[in-house]
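Numbering (this note's numbering), first residue to last: 5 to 72.
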């Protein structure tokens, strides 16, 4: 009964480590891409996150670039 009442909460952001593992690259690569303006980070103090929508946009952009 309790499980039926709970709604699944989708994550809206991932840590830099999680993002790198999900797309198969290093933290350093993502940091370089941020410096180049290819992806935007969310920063709160020392914590660095990437919004799920931003990560999806970045991956779509990479696919488009490789297809051309």
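Even for Gly, the Cβ is constructed at its ideal location relative to N, Cα and C.
Check whether residue i and residue j have beta carbons under 7 Å apart
i: residue 44; j: residue 22; result: no
Contacting residues, own chain, Cβ-Cβ under 8 Å from residue i (five flanking each side not counted)
i: residue 30; result: 24
Any non-hydrogen atom of the ligand GTP within 6 Å of residue i CB
i: residue 69; result: In the structure on display, the ligand GTP does not appear, and there are no ligands present to speak of.
Proximal residues to residue i (C-beta, below 7 Å), its chain only, five neighbours per side dropped
i: residue 55; result: 16, 17, 46
i: residue 34; result: 20, 23, 24, 43
i: residue 5; result: Its pLDDT being 48, under 50, residue 5 is placed unreliably by the model, and the measurement read from it follows with that caveat. For residue 5, where only same-chain residues beyond five positions count, there are no Cβ hits under 7 Å.
Spatial distance of residue i from residue j (CA atoms)
i: residue 62; j: residue 42; result: 7 Å
i: residue 1; j: residue 27; result: Nothing in the structure corresponds to residue 1, since the chain is present only between 5 and 72.
i: residue 68; j: residue 36; result: 19 Å
i: residue 20; j: residue 12; result: 23 Å
i: residue 39; j: residue 48; result: 17 Å
i: residue 60; j: residue 14; result: 14 Å
i: residue 66; j: residue 51; result: 25 Å
Residues that DSSP places opposite residue i in a beta bridge
i: residue 47; result: 52
Close-in-space but distant-in-sequence residues of the same chain around residue i (CB under 6 Å, 5 per side omitted)
i: residue 64; result: none
Every unbroken alpha helix (DSSP H) within the segment 15–40, with a cutoff of 4 residues, ordered by chain: Runs found: 20–27, 31–39.
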